[in-house]
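Written out below as structure tokens is the structure these notes cover.
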Amino acid sequence: MAHKPEQDSTEDISQLRLILHEWRLSWRPGIAGLVAGSIGYSLYAAVSSLFVEPLQAQFGWSRGDIAFVHSFGIVTAFAAPVVGRLTDRKGVKPVLLLGLLATALGYVLLSQMRGSLLYYYAAYFCFSMAGMATTGITVTRILSGAFHRTRGTALAIGRSGLALTGALMPLLLFPVIVQAGTAGGYLLLGGTILLLAVPLVWFWVPSRAADLKAGRISAVAMADQWRVLLNQPRIRVLIAASVLNYVPVVSLLSQMKPLAVSKGLEAATAVGAVSVMGLAAACGALLSGVLVDRFWAPAIAFTLNILPAAGCLFLLGGDVSPLVFYAAVLLIGLGQGAEIDIVAFMIARYFGLRSYATIYGLSTLGIALGVAFGASMIGQAYDLFGDYNFAIMAASASFALAAVLYLAMGRYPETVPD
Numbered sequence: 005m006a007h008k009p010e011q012d013s014t015e016d017i018s019q020l021r022l023i024l025h026e027w028r029l030s031w032r033p034g035i036a037g038l039v040a041g042s043i044g045y046s047l048y049a050a051v052s053s054l055f056v057e058p059l060q061a062q063f064g065w066s067r068g069d070i071a072f073v074h075s076f077g078i079v080t081a082f083a084a085p086v087v088g089r090l091t092d093r094k095g096v097k098p099v100l101l102l103g104l105l106a107t108a109l110g111y112v113l114l115s116q117m118r119g120s121l122l123y124y125y126a127a128y129f130c131f132s133m134a135g136m137a138t139t140g141i142t143v144t145r146i147l148s149g150a151f152h153r154t155r156g157t158a159l160a161i162g163r164s165g166l167a168l169t170g171a172l173m174p175l176l177l178f179p180v181i182v183q184a185g186t187a188g189g190y191l192l193l194g195g196t197i198l199l200l201a202v203p204l205v206w207f208w209v210p211s212r213a214a215d216l217k218a219g220r221i222s223a224v225a226m227a228d229q230w231r232v233l234l235n236q237p238r239i240r241v242l243i244a245a246s247v248l249n250y251v252p253v254v255s256l257l258s259q260m261k262p263l264a265v266s267k268g269l270e271a272a273t274a275v276g277a278v279s280v281m282g283l284a285a286a287c288g289a290l291l292s293g294v295l296v297d298r299f300w301a302p303a304i305a306f307t308l309n310i311l312p313a314a315g316c317l318f319l320l321g322g323d324v325s326p327l328v329f330y331a332a333v334l335l336i337g338l339g340q341g342a343e344i345d346i347v348a349f350m351i352a353r354y355f356g357l358r359s360y361a362t363i364y365g366l367s368t369l370g371i372a373l374g375v376a377f378g379a380s381m382i383g384q385a386y387d388l389f390g391d392y393n394f395a396i397m398a399a400s401a402s403f404a405l406a407a408v409l410y411l412a413m414g415r416y417p418e419t420v421p422d
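Quick note, the sequence shown lines up with residues 5 to 422 if you use this note's numbering.
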């Protein structure tokens, strides 16, 4: 059975009134999803660069050694479609709760490092595997199910929460790392999950996916689902665009503080750049969310990928002034903010909710494989070339190609599955 997506049939009702109406109905799962997505595993990408130099000084590891953990995503990425499939079949709540608890435990394991690279790699592997259940696979499924007519805005609010946390957390985390070392930083991150995200998800997220207007999938239909979905050209295009959009952001962000220092910025100014990127991502998320509820989403995605492609070029060369560096980070952050909620919106708009989390999981698999390569290689590139310019040029090209691929999604379908 299929239904026709709702159009702007009540144009006399303002977008703001629609937003307020849906949030009055669904504020509990909305807030729970926002908080869980803001402080779960995805947050670490925004703050991981703060740990690079302290780990290097504390244990004598090279930046390449530290960045090598991102290559583990080649293995852990394959958990993403499994998480998506479980979410579609069992519901969001049990999958997300288990993921949050395991991610907090992963931070505890990281806090217990004593200088062994092998231990660091093993702990990070467990941490990243568990964290997959706290990403957009589960969080955006809560928001996409709870909101319909203002789904893009709701996803944007959720994404801006992660971006805002990514902007503010470095300001709190940096002095903690200075005073209590990397162990204190990891424990702070794990503690916020236990104290904030877990209780909200426990009390405010419905126990079954059906409570969020989900379309259930039979066990028989699930058997060949991955193959059937990947046979659809639009799904392959969307996955490729999301990978090319997200990988350069995470790769640059994983080295943002040392990158800023390498361009002549002071350490405190470099930390500020990480925060600026988070704030820009929040603005990009809100902007894109409001726009996709009104306009063709691929065009919005195109624009918000061309901007960071240009922004990367500002970072080339030797020393870069703080003003130019912050301008570049601002443009990159706008692209970062747009990615997750636009992809989530497109999945629901083009393919419906029946296989939402599974498609998102396949997208996450592609992203994680790309991040495993990109975030690992940016550290290796610095060790090889002595600067980040090669990685910056690759990031700019990736953003530009993603912009073109989003346009290839074509017109919205007349009907989508329930």
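Here a beta-carbon is modelled for each residue, glycine too, at the ideal position from N, C-alpha and C.
| Check | Outcome |
| --- | --- |
| State the Cα-Cα distance for the pair residue 316 and residue 400, rounded to the nearest angstrom. | 6 Å |
| Ignoring anything shorter than 4 residues, give me the alpha helix (DSSP H) runs that lie fully in the segment 75-161, in order along the chain. | 77-80, 83-94, 96-115, 121-135, 140-150 |
| What does the alpha-carbon distance come out to for the pair residue 42 and residue 418? | 34 Å |
| Do residue 201 and residue 138 come within 9 Å of each other at the CB atom, strictly closer than that value? | yes |
| Ordered along the chain, which non-local residues of its own chain (more than five positions away) have a Cβ less than 8 Å from that of residue 275? | 54, 174, 175, 178, 261 |
| Who are the near neighbours of residue 336 in its chain, counting only those whose CB is closer than 6 Å to its CB and skipping five residues on each side? | 312, 315 |
| Start and end of the alpha helix (DSSP H) containing residue 28? | 19-43 |
| Report the rounded CA-to-CA distance for residue 56 versus residue 72, giving the unit in angstroms. | 12 Å |
| Any idea what DSSP makes of residue 418, helix, strand or coil? | coil |
| Can you grab the Cα-Cα spacing for the pair residue 94 / residue 240, in whole Å? | 26 Å |
| Between the beta-carbon of residue 270 and the beta-carbon of residue 158, is there less than 9 Å? | no |
| Kindly indicate the opening and closing residues of the alpha helix (DSSP H) around residue 260. | 260-266 |
| Which runs of the alpha helix (DSSP H) spanning at least 4 residues fall entirely within the segment 232-263, listed in chain order? | 237-257 |
| Which runs of the beta strand (DSSP E), 3 residues or longer, sit entirely within the segment 42-66? | none |
| Can you look up residue 210 in the DSSP assignment and give me helix, strand or coil? | coil |
| By Cβ distance, which residues of its chain are closer than 6 Å to residue 89, with the 5 residues on each side in sequence left out? | 362 |
| Who are the Cβ neighbours of residue 39 in its own chain at under 6 Å, not counting the five residues just before and after it? | 200, 201, 204 |
| Going by DSSP in three states, residue 358 sits in which element: helix, strand or coil? | coil |
| Compute the beta-carbon to beta-carbon distance between residue 376 and residue 78, rounded to the nearest angstrom, for a pair I have assumed lies under 8 Å. | 5 Å |
| Might you give, ordered along the chain, the residues of its own chain that have their beta carbon closer than 6 Å to the beta carbon of residue 411, omitting 5 neighbours on each side? | 302, 306 |
| Classify residue 183: buried if its beta carbon has 16 or more other beta carbons within 10 angstroms, exposed otherwise. | exposed |
| Count the other CB atoms, across all protein chains shown, that sit within 10 Å of the CB of residue 444; report buried if there are 16 or more and exposed otherwise. | Because the chain in this structure spans residues 5 to 422, residue 444 falls outside the shown range and cannot be described. |
| Closest to residue 65 by C-alpha separation, out of 34, 106, 81, 118, would be which residue? | 118 |
| Using only the alpha-carbon positions, how far apart do residue 154 and residue 161 sit? | 11 Å |
| What's the call for residue 247, buried or exposed, on a 16-neighbour Cβ count within 10 Å? | buried |
| Counting along the chain, where does the alpha helix (DSSP H) carrying residue 397 start and finish? | 393-411 |
| Quick one: grab the DSSP three-state call for residue 389. | helix |
| Figure out for me which residue from 379, 407, 28 has the closest Cα to the Cα of residue 48. | 379 |
| Between residue 166 and chain C, is the shortest Cβ-Cβ distance under 9 Å, so that the two count as touching? | In summary, chain C is missing from the structure at hand, where a single protein chain is found. |
| Should residue 18 go down as buried or exposed, given a rule of 16 or more other Cβ atoms within 10 Å for buried? | exposed |
| Using a threshold of 9 Å, state whether the C-beta atoms of residue 308 and residue 351 are closer than that. | no |
| Suppose contacts are defined by Cβ-Cβ distances below 9 Å. Is residue 289 in contact with residue 163 by that definition? | yes |
| Could you name the residues of the same chain whose beta carbon sits closer than 8 Å to that of residue 86, not counting the 5 residues immediately before and after it, in chain order? | 365 |
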